[in-house]
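S.K.: Input: one structure, supplied below.
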Amino acid sequence: MSSKILIVEDDVVFCKLLTRFLSKNNFEVMDAQNGKDALELMDLNNFGQAILDYRLPDMNGVEILKKLKFKNPETKVLLITRFGDEEVAAEAKSAGADAFIAKPIDPDDLLKIIKGM
Numbered sequence: 002m003s004s005k006i007l008i009v010e011d012d013v014v015f016c017k018l019l020t021r022f023l024s025k026n027n028f029e030v031m032d033a034q035n036g037k038d039a040l041e042l043m044d045l046n047n048f049g050q051a052i053l054d055y056r057l058p059d060m061n062g063v064e065i066l067k068k069l070k071f072k073n074p075e076t077k078v079l080l081i082t083r084f085g086d087e088e089v090a091a092e093a094k095s096a097g098a099d100a101f102i103a104k105p106i107d108p109d110d111l112l113k114i115i116k117g118m
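If you read the sequence shown in this note's numbering, its first letter stands for residue 2, the second for the next number, and so on.
Following this line, the structure appears as structure tokens:
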């Protein structure tokens, strides 16, 4: 499995913080701020893991999740969204998400989830 992680998050500052944090923890990270760019990265790379925000400007994280799992079913996917979105969590799990976490995200908790997937 690839050691690359894809992050798809439309909040640029939060996305770059996640990218930097995971890079410092010895992960190879690529990021996108919308679904279109994420799909392009998916066409050019194999990702072992992906962190997908649910709400994006051009599509939602579950749509990306389905495309990612179709291309590479072994990719482990963590879906993130705002606190209290149980419907989104259920939709993500049924679409093949391996984990779900609500914002705000504690970096140490995120790292534990990623290492445990």
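We treat Cβ as the ideally placed atom computed from N, Cα and C, and that holds for glycine.
When you compare each of 41, 107 and 92 to residue 72 by their alpha carbons, which one comes out closest?
M.R.: Answer by Cα proximity: 41.
S.K.: Could you pull the start and end residues of the alpha helix (DSSP H) that residue 87 belongs to?
M.R.: Where residue 87 is concerned, the enclosing alpha helix (DSSP H) stretches over 87 to 96.
S.K.: Between the Cα of residue 83 and the Cα atoms of 62, 31, 38 and 28, which residue gives the shortest distance?
M.R.: Looking at the Cα atoms, 62 is the closest of the given residues.
S.K.: Whose C-alpha, out of 97, 45, 86 and 58, is nearest the C-alpha of residue 13?
M.R.: Of 97, 45, 86 and 58, the residue nearest in Cα terms is 58.
S.K.: Just to confirm the assignment: which complete alpha helix (DSSP H) runs, minimum length 4, are found wholly within the region 40 to 86?
M.R.: You should have 62 to 72.
S.K.: What span of residues does the beta strand (DSSP E) with residue 32 cover, start to end?
M.R.: Looking at the DSSP string, the run of the beta strand (DSSP E) that includes residue 32 is 29 to 33.
S.K.: Under the rule that 16 or more other beta-carbon atoms within 10 Å means buried, what is residue 113, buried or exposed?
M.R.: Label assigned to residue 113: exposed.
S.K.: Per DSSP, what kind of secondary structure is residue 106 in: helix, strand or coil?
M.R.: It is coil, neither helix nor strand.
S.K.: Less than 8 Å between the CB atoms is what I'm expecting for residue 50 and residue 115, so what's the real figure, rounded?
M.R.: The Cβ separation is near 6 Å, so the contact holds.
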